[in-house]
Amino acid sequence: MRLLLHLVCTLLLLSCANCIDDPGVVIIGAGAAGIAAASRLYKNGFKNLTILEAEDRIGGRVYSLKLGDAYIDLGAQWCHGEKDNVVYELVKDLNVLNDDFFVPLFYHSKRKLIDTEFAVKMTEIFETTYGNVSTDQKGPLGEYLTTRYNEATRDAWKDDEDKLALAADCLHSFRIWVEGYEAAFSWFDVAASSIYEVCEGNSALGWNGLGYKTILDVLMEKSAKSITDKVLLNHVVKQVVRSDSKVEVKCTNGASFTSDHVIWTPSLGVLKRGYKTLFTPQLSGEKVQAIQTLGMNAVLKVGLYFPTKWWNDDFRGVVFSWAASDLQKSGEAFPYGPKTGNKSWITTIICVTSVPKSPNLLLAWLAGALVPEIEKTSDETITDGVIYTLREFMGEDYPNITRPDRVIRKNWYIDPHFHGTYSFETVESRKLGRPQAEVLGEPILSDEGKPILLFAGEATNPRHHSTVHGAIESGFREADRFGADIVLNKSVSEISLESGKVRVSCTDLSSYTADHVIWTPSLGVLKHLHANGKIRAIQTLGIEAVSKIFFHFPARWWETVFESVAFVWTQADLQTASLEYTDEPKIGNRSWITTIHCIHPLQRNPNVLSVWFLGPLVPEIERLSDESIIKGVMHVLRKFLSEDYPTISRPDRIIRKKWYSDPNFGGSYSFETVESRKLGRSQAAVLAEPISASDGRPVILFAGEATSTNHYSTFASVDQFCNVHFNLHPMRSILAVLIALLSSVECRKEPSIVIIGAGAAGIAAASTLSRHGYKNVTILEAEGRIGGRIYSVHFGKSLVDLGAQWCHGEKNNVVYEMVRDLKLLKDDDILPELYHSTLKRVDSKFNARLNSLFEDIYLDENYGAEGSLGDFLAKRYKAEIRKIWKSGDKLALAEECLDLFERYVESEDGSFSWSTVAASGDFETCEGNLALGWNGLGYKTILDVLMRQASGPIECNIALNKSVTGISLESDKVRVSCSDLSSYTADHVIWTPSLGVLKHLHANVFKPNLPKEKVRAIETLGIDAVSKILLHFPAKWWDAEFEGVTFVWTPADLQSSSLKYPEGPKIGNRSWITTIYCIIPLQKNPNVLSVWFIGKLVPEIEQLSDETIINGVMHVMRQFLSEDYPNISRPDQLIRKNWYSDPNFRGTYSFETVESRKLGRSQAAILAEPIKVADGSPVILFAGEATSTVHYSTVHGAIETGFREANRIIELYK
């Protein structure tokens, strides 16, 4: 009955919760403002959130990148000030900030190092001149500062012509410094006066190697996963459409979202370039004026990582001052890269600084009008320029300046997702009177006055624009425009009855007036904050606490049948416990560890135990550190259980709630005391009585378990709990009830495993290991996403596959086996129409017969032939067509179709030429439908299925953007090094990246080098690429029966194709457009066509611009199809993945070459062999489709190999 009542109450609560209005909110941008808004909304009970982020990461202009043991910030770097700075307020007690202020060295182009006294004075002049501009000053900042600077330097060195001349040269440095601080291309664009308010305190607080991303972690706090789950990365917004009460957000990938409210947070730079097309209806004239007149340019920060540190530990930074003559001829002295007149871009270097916690890193800061062109300059040229400048200015003092081996930067201005770094007030914006940031921040209201389109971001903050704290404030501001039924973090300080109304006051000085108030906090809170008339009930009823602490162990040391354990101490042991275990607290000689009542496991949480502490020491136990708690519990476990559980391990984390010491609870649950029972009437009933107004109306009502007369909690003490639940005598009975003595099992060692690559093979391996209880698994993925060559993205009306597309076959196909009962797959076998360069549409019967011939010849696995597949198939094809069409036009047409057959074969094998593919191979075709599509769900579905088969969330173990640079075998351990200088040590490493990556990297990555036999397999097996390009059309110009097209060119048309279409790559006179194999429609995506390019020109086609690709495809479609489809329109979107040129793939799928077949033994089998240590244990294992002997080139082959290598490790530890 109690269970039924509990379920009914729960259902009622859930149904009520579902009635609460939770409007949909779309937040555009997952930068500081967007995350702040989401965090505030989430805390205030708004859960129906969607965050759309154009980048493949969260953070926006907060961009912290791990380099070695510390993070560096490619975007925002310092917390500017303390007072009224929300960033500082959020982290001030976390000890994460450090003073990063320093006085830089000043070097002159002729005089070299300038003396320290002059440098200190110059820094002071820079800061005081810039920091003391009057708020009513008119005109450009540059004009004002030039005058003030000249006055200040004359006052400082009026009697020293030499210093005055030097100061005159430093004016250029001052200008670049100001332009960097304002992020303006010219200080003459910046308004002299501003309403910006500087936060008092240290204005250069660094993050001590933790990175500015720390503030994002703090903002998200405990809701981090809830918020990040709501972020959709790689979603570029193209339009925001408002109706009377709803807003629709459309993305370039075809996804759209309709919501009650939209919060726009991208940069002012994005608004400047997109406001005309982004918003429907158009923004108001006043808001457009704000967008146009506010300023946003950029600074460029370039990280230079040196193999060895050539500067001393005291070096913090250097400013370069150019003599006027050197400034003007700098373009001749260093002629590489952009320049203005004769001034080289290197003169725009503001400073070069060192970075705390990153000893081998220097940051070069550049500002001014050349920044956009510098961003387009190669890393090599930038490195040359910075090193040239350092050596020219500092070479005498630092003769060993070396060249960096890595350059790290973010090109904020040319990046279409930012178009700048931070905003500033321009001369034009100040002329308008009202702060334009305020105008920009005003929401757009619906007809009912509801804010439906809101604006946040640093540029919308009048007082703190250009800062992260300004961005966060604006995110909070917009979130606070929403009302909420539940308001969190509201501690009530007073409840007062005033003229029939109840006023509720909170500690944050907010207050609420209501007709009725229902009080539900615990009796413990009431004991501290009584209500008149109820004091005796409150004082006499009891509430104390138990302490429940959860321990998570890296490996489970108890049996699966383990149910619970309780501990009984002899009286002698009780009294000597504090002598045996001396750590406080204690009562007399009885240690706190004797108050552990029981330890038991949890349902569906195999590695967690809960430990219950009871009794009068609970308040003091709550004050113990986690380490002290762990130490004490481990002592008890080993004292009582070590004979039966000899392998008890230490927990790796604990979690608990301190109910008694938390002022919002003051205890766990109530009980009736001896004193309360003496009073006769139920004191719970007294407590439950409402307080009424003079008219008898109940205005303050009381609820909560302590107000229940017959269902309050009954666990008052350890003795009562034990007497209710356990028969304590005799001793044999206690042992029988409290602890089950079972035979101990042998605990296996938990190996550490690193999987390189989160594609199909990597995910399959991780899932298998997880199902078998292996938890110490880390997956390193070079991309910013999982999937590898499975790449499903939203485009048009559904998901599309830029990589693997079809499930090939059914029998013995692991992909099909995993999903066949889910009814996800759909027959996608089509017969494209055949079009001829002169004949146009070819007869459908001829086309069907030809297509059947293609398949019959290609899929005949009994080749038994040596040499190349191309030679064999061409010969076989020519013989077969002569049998079918002995002579005449059809035979001539079939002969012209040999080129099409070649493209068909090259598309199947992923090769640049069918002449490199072996005529015979070990591949085994899976029987059944070879073209099963995913019905708009995307091949990523198989990844979801694989991960659901794991025993835990394996995505938590995946580290993205981890490019592996080294795998070294060191004393039976494997060390994996990454390009961001992080490293991992493991017992086993499973390598899953493509054969293409192995071909390019094996000589440099593996130490010691791979065995010669494996290297030969890598070198002789083949991997090239096909190029699949998806085109979205604004209107569908083809009919419903359209199944696609293939193209046949006459030999004459082939050879003249580059003359008729000269744009783009070619082979001889044959244009790249002739390498189109087919154009086909997609399932569930009516306005999208897929274009397949095949052959040797694929690498060059990948380098073509989207515009060139579209032009070429349009040319072919109109040349071949215009008679049947006269209304062919131009696509409005294109999406593709350049697999061959991407260094993380270097190709699409593998094939057996003529050379690999000559070697006799399967080279895929050799590639799959693990590297072993002396005892025969496999330490470096190889998976991926290229390691499958019979299913290479397929996803099911890749998954099989992931299972194979995971099982190899599992067998090792059985």
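Just so we're aligned: the sequence shown equals residues -19 to -1, 1 to 1195 in mature numbering (1 follows the signal peptide of the UniProt record, and there is no 0).
The C-beta atom is built at its ideal place from N, Cα and C for all residues, glycine as well.
| Asked | Found |
| --- | --- |
| State the Cα-Cα distance for the pair glutamate 105 and tyrosine 130, rounded to the nearest angstrom. | 11 Å |
| Kindly give me the distance between the Cβ atoms of valine 617 and isoleucine 574, rounded to whole angstroms, as I take these residues to be in contact under 8 Å. | 5 Å |
| Glycine 1128 by DSSP, collapsed to three states: which one? | coil |
| When the distance is taken between beta carbons, is valine 1097 closer than 8 Å to isoleucine 1147? | no |
| Could you give the first and the last residue of the continuous beta strand (DSSP E) run that contains tryptophan 500? | 498 to 500 |
| Taking C-alpha atoms, which residue in Lys119, Pro1062 and Tyr1042 lies nearest to leucine 413? | Lys119 |
| So, using beta-carbon positions, are residue 1196 and lysine 1077 closer together than 8 Å? | In the structure displayed, the chain extends from -19 to 1195; residue 1196 sits before or after that span and is not available. |
| Which two residues bound the contiguous alpha helix (DSSP H) that contains threonine 109? | 97 to 112 |
| In whole angstroms, what is the alpha-carbon distance linking proline 353 and arginine 42? | 17 Å |
| Helix, strand or coil for valine 726 per DSSP? | Any reading at valine 726 must be qualified, since the residue scores a pLDDT of 32, below 50, and its modelled position is unreliable; no value is offered. |
| Can you find at least 3 beta carbon pairs, one from the stretch 266 to 280 and one from the stretch 225 to 237, that sit closer than 8 Å? | no |
| Does DSSP classify proline 1067 as helix, strand or coil? | strand |
| Work out the CA separation of threonine 973 and asparagine 1188 for me, nearest whole Å. | 15 Å |
| Let me make sure I understand the geometry here. Which of Trp326, Val217, Pro587 and Leu761 has the alpha-carbon closest to that of isoleucine 971? | Leu761 |
| Cα separation between valine 498 and serine 472? | 15 Å |
| How long is the line joining the alpha carbons of tyrosine 816 and lysine 921, rounded to whole angstroms? | 33 Å |
| Within the chosen definition, does the stretch 871 to 888 reach the stretch 987 to 994 through at least 3 CB pairs nearer than 8 Å? | no |
| Would you identify the three-state DSSP class for leucine 213, choosing helix, strand or coil? | strand |
| Suppose contacts are defined by Cβ-Cβ distances below 8 Å. Is valine 926 in contact with methionine 1095 by that definition? | no |
| Which one of Asp225, His216, Ile244 and Ser630 has the shortest CA to CA distance from glutamate 231? | Note on residue identity: the sequence assigns lysine, not glutamate, to residue 231. It is His216. |
| Which residue marks the beginning of the beta strand (DSSP E) containing proline 679, and which one marks its end? | 679 to 683 |
| Residues in its own chain within less than 7 Å of glutamine 1036 by CB, not counting five upstream and five downstream? | Asn1050 and Arg1051 |
| Taking the alpha-carbon positions, what's the alanine 747 to alanine 931 distance? | 8 Å |
| Nearest by alpha-carbon distance to tryptophan 303: which of Ser311, Phe296 and Arg297 is it? | Ser311 |
| My guess is that isoleucine 95 and phenylalanine 87 are in contact by the Cβ rule of under 8 Å, so how many angstroms apart are they, rounded? | 4 Å |
| Write down every uninterrupted run of the alpha helix (DSSP H) in the stretch 741 to 786 whose length is 4 residues or greater and which is fully enclosed by it, in chain order. | 741 to 752 |
| Which residues in the same chain as threonine 966 place their Cβ atom closer than 6 Å to its Cβ, once the five residues preceding and following it in sequence are excluded? | Lys954 and Arg956 |
| Find the nearest neighbour of proline 934 within the set Tyr772, Thr759, Leu780 and Glu836, judged by alpha-carbon distance. | Thr759 |
| Applying the criterion that 16 or more other CB atoms from any shown protein chain within 10 Å of the CB defines a buried residue, is valine 655 buried or exposed? | exposed |
| Shortest alpha-carbon distance to proline 1032 belongs to which of Thr819, Ser751 and Ser833? | Thr819 |
| Distance, Cα to Cα, residue 1197 vs glutamate 373? | Because the chain in this structure spans residues -19 to 1195, residue 1197 falls outside the shown range and cannot be described. |
| Distance, Cα to Cα, threonine 407 vs glutamine 270? | 12 Å |
| Relative to the alpha-carbon of glycine 56, which residue among Pro632, Tyr755, Ala279 and His983 has its alpha-carbon at the smallest distance? | Ala279 |
| Which residues bound the beta strand (DSSP E) around asparagine 586? | 586 to 594 |
| Assuming contact is defined by CB atoms lying nearer than 8 Å, are proline 1112 and isoleucine 1091 in contact in what I supplied? | yes |
| What does a CB cutoff of less than 8 Å around glycine 891 pick up in its chain, not counting 5 residues either side in sequence? | Ile1004, Asp1005, Ala1006, Val1007, Gly1128, Thr1129, Tyr1130, Ser1131, Phe1132 and Ser1174 |
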